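Chemist: Sharing a structure below in structure tokens format, with a few things to ask.
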Amino acid sequence: MKVAVVGATGLVGSEILKVLAERNFPVTEIIPVASERSIGKKISFKGQEFTVVGYEDAINMKPNVAIFSAGGSTSLEMAPKFAEAGITVIDNSSAWRMDPTKKLIVPEVNADELTPADKIIANPNCSTIQMVVVMKPLHDKYKIKRVVVSTYQSVTGTGKAAVDQLFAERIGDNTVPKVYPHKIDLNVLPHIDVFQENGYTKEEMKMIKETNKIMSDDSIRVTATTVRIPTVGGHSEAVNIEFENDFDLDTVRELLAATEGVIVQDDPANNIYPMPINSHGKDEIFVGRIRRDESQDKTLNLWVVADNLRKGAATNAVQIAEYLLKKEMI
Ligand code: 2RA
3 MKVAVVGATG
13 LVGSEILKVL
23 AERNFPVTEI
33 IPVASERSIG
43 KKISFKGQEF
53 TVVGYEDAIN
63 MKPNVAIFSA
73 GGSTSLEMAP
83 KFAEAGITVI
93 DNSSAWRMDP
103 TKKLIVPEVN
113 ADELTPADKI
123 IANPNCSTIQ
133 MVVVMKPLHD
143 KYKIKRVVVS
153 TYQSVTGTGK
163 AAVDQLFAER
173 IGDNTVPKVY
183 PHKIDLNVLP
193 HIDVFQENGY
203 TKEEMKMIKE
213 TNKIMSDDSI
223 RVTATTVRIP
233 TVGGHSEAVN
243 IEFENDFDLD
253 TVRELLAATE
263 GVIVQDDPAN
273 NIYPMPINSH
283 GKDEIFVGRI
293 RRDESQDKTL
303 NLWVVADNLR
313 KGAATNAVQI
323 AEYLLKKEMI
């Protein structure tokens, strides 16, 4: 497979290269693609060096698949050009996610929606992905009525400049440009992406709308508060789920433990629960603090953690490519 990685020099782009190598995706050639200022740079993949090329050159090199992580406007402009050339695009930006003509895919949940006609496939928002993988087996068994989620999101979700801001603040260096409107070190910002007219942020609205689309169920009511915290290892989420039918906690634990890509870490007596410091660099989603919401019937509380650059972005995209390959769609 010839694989183009568009936005190869960014945080997610370099994670995509790592994940492709680690999962032994059958790559015959990597085509690193980036904007004008990175063309000519070298990228290493499995010990070999590849030169970063521009968009037109990449299209002419006819990759089988292009994994985009280059922002919404690049994607809106370039993904159709790749698709018109017969190249399947898996896009990490928010550009196509809510387009009714495009599929929004989390392989563990809805890969079976994909057909050979899908030439631009959207990868969901990181905070949505880790939540829906956990919701899916529970919804199938107990039917979810409503979800209340509060997130604790890593600065890596914003990008390299945000990681630089955090570490610069930590050593008192004020010369690094700020990407957040406030200090992030020793602070918490209830603000991810831009505010909307309804008072929610765009990140919160993504979690709401994308969840309904991925689960193919608009009856699931979702409300979200998304928060940036000064960590780099992954996103954490406190998820409160109300079901139509009652559950027992042992079955919930068994269901989650049996879910592909999910690891249950739930032994509070021994201080064992998921933490972003432990999810860093891992492909799995970690779930713990599994308990009843004692204030309401048929309601469950969970703590869900995953590396947002991995399952929240790169790993999910590579898993989509793996599925397409297995089904001979690329
Ligand atoms: C964030 N969800 O964490 C975003 C990244 N796509 O900011």
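Residue numbers (the working numbering): 3 to 332. Idealized CB from N, CA, C, for every residue including glycine. As the structure is a prediction and not an experimental result, all values here were calculated from the model.
To the nearest angstrom, how far is the alpha carbon of His184 from that of Asn273?
Modeler: If you take the alpha carbons of His184 and Asn273, they lie about 33 Å apart.
Chemist: Give me, in chain order, the residues of the same chain whose beta-carbon lies closer than 7 Å to that of Ser37; leave out the 5 immediate sequence neighbours on both sides.
Modeler: Cβ neighbours of Ser37 beyond the five flanking positions: none.
Chemist: When you get a sec, list the residues whose CB is within less than 6 Å of any heavy atom of ligand 1, chain order please.
Modeler: That query returns the following residues: Asn127, Cys128, Ser129, Gln155, Gly159, Thr160, Ile194, Glu205 and Asn310.
Chemist: Check Ser297 in the structure and name its three-state DSSP category.
Modeler: Note: Ser297 maps to coil in three-state DSSP.
Chemist: What is the C-beta distance between Val54 and Ile45, in whole angstroms, given that I count them as a contact (C-beta under 8 Å)?
Modeler: The Cβ separation is near 6 Å, so the contact holds.
Chemist: Which ranges would you report for the beta strand (DSSP E) in the segment 233-272 if only whole runs of at least 3 residues count?
Modeler: 237-245 and 264-266, all fully within the segment 233-272.
Chemist: Tell me whether Asp248 is buried or exposed, calling it buried when 16 or more other Cβ atoms sit within 10 Å of its Cβ.
Modeler: Flag for Asp248 reads exposed.
Chemist: What do you reckon, are the CB atoms on Val264 and Pro276 nearer than 8 Å?
Modeler: Against a cut-off of 8 Å, the Cβ pair of Pro276 and Val264 comes out as no contact.
Chemist: Which residue's Cα is closest to the Cα of Glu17: Asp195, Lys313, Ala323 and Tyr325?
Modeler: Here the closest residue by C-alpha is Lys313.
Chemist: Counting only runs of 4+ residues fully inside the segment 81-130, write out the alpha helix (DSSP H) ranges in chain order.
Modeler: Taking only runs of at least 4 residues, the alpha helix (DSSP H) segments lying wholly in the segment 81-130 are 109-112.
Chemist: Suppose the cutoff is 7 Å on Cβ atoms and the five residues either side in sequence are ignored; what does the same chain contact list for Ile99 look like?
Modeler: Correcting the residue identity first, residue 99 is Arg in this sequence and not Ile. Leu106, Ala124, Pro126 and Glu212.
Chemist: Under DSSP, the beta strand (DSSP E) around Tyr154 begins and ends at which residues?
Modeler: Residues Ile146 to Tyr154.
Chemist: Report all residues from its chain with a CB closer than 7 Å to the CB of Val134; omit the five preceding and five following residues, and keep chain order.
Modeler: Only Val108, Val111, Thr213, Ile216 and Met217 meet the Cβ criterion.
Chemist: Please state whether the Cβ-Cβ distance between Gln132 and Val21 is less than 8 Å.
Modeler: Result no, Cβ atoms of Gln132 and Val21 do not sit closer than 8 Å.
Chemist: Leaving out five residues on either side along the sequence, give the residues of the same chain with a beta carbon under 7 Å from the beta carbon of Pro192.
Modeler: If we look at Pro192 and ignore the five residues flanking it on each side, its Cβ neighbours are Thr227 and Val229.
Chemist: Threshold first: 4 residues or longer. Then list the alpha helix (DSSP H) segments lying entirely within the segment 155-194, N to C.
Modeler: Those alpha helix (DSSP H) runs which fall completely within the segment 155-194 and span 4+ residues are 162-172.
Chemist: Between the Cα of Tyr182 and the Cα atoms of Ile173, Leu168 and Arg172, which residue gives the shortest distance?
Modeler: Closest by alpha carbon: Leu168.
Chemist: Quick one: using the 10 Å Cβ neighbour count with 16 as the cut-off for buried, is Glu246 buried or exposed?
Modeler: Classification of Glu246: exposed, given that the 10 Å Cβ count is below 16.
Chemist: For Lys4, name the three-state secondary structure that DSSP assigns.
Modeler: If DSSP states are grouped into helix, strand and coil, Lys4 belongs with the strands.
Chemist: Is it right to say Gln321 is buried, meaning 16 or more other beta carbons lie within 10 angstroms of its own, or is it exposed?
Modeler: It is buried - the Cβ of Gln321 has at least 16 other Cβ atoms within 10 Å.
Chemist: According to DSSP, is Asn280 part of a helix, a strand, or is it coil?
Modeler: Helix.
Chemist: Three-state secondary structure (DSSP) at Pro139?
Modeler: Helix.
Chemist: Between Val136, Asp250 and Gly88, which lies nearest to Arg293 when the distance is taken from Cα to Cα?
Modeler: When only C-alpha atoms are compared, the closest one is Asp250.
Chemist: At least one CB of chain C closer than 8 Å to the CB of Ile69: is that the case?
Modeler: Absent from the structure: chain C. Only one protein chain is present.
Chemist: Taking one C-beta from the segment 228-242 and one from the segment 141-158 each time, how about it: are there three or more such pairs within less than 8 Å?
Modeler: The segment 228-242, when compared against the segment 141-158, does touch it at the 8 Å Cβ threshold.
Chemist: Between Ala85, Thr90 and Thr76, which lies nearest to Ser96 when the distance is taken from Cα to Cα?
Modeler: Comparing Cα positions, the closest option is Thr76.
Chemist: May I ask which residues mark the beginning and end of the alpha helix (DSSP H) holding Ser16?
Modeler: Unbroken alpha helix (DSSP H) run through Ser16: Leu13 to Glu24.
Chemist: Would you mind sorting Glu79 into buried or exposed? The rule is 16 or more other CB atoms within 10 Å of its CB.
Modeler: Exposed, because fewer than 16 other Cβ atoms sit within 10 Å of the Cβ of Glu79.
Chemist: Please classify Ile61: does DSSP put it in a helix, a strand, or coil?
Modeler: Looking at Ile61 - three-state DSSP - the assignment turns out to be helix.
Chemist: Output the boundary residues of the beta strand (DSSP E) element that contains Ile33.
Modeler: Note, Ile33: beta strand (DSSP E), Glu31 to Val35.
Chemist: For Glu24 and Thr11, I'd like the C-alpha separation in whole angstroms.
Modeler: Each residue's Cα considered, the two are about 18 Å apart.
Chemist: Does Asn66 pass the burial test, meaning 16 or more other C-beta atoms within 10 Å, or should it be called exposed?
Modeler: Asn66 is buried by the Cβ-count criterion.
Chemist: Using DSSP with H/G/I as helix, E/B as strand and the rest coil, what is Leu311?
Modeler: Correct three-state label for Leu311: coil.
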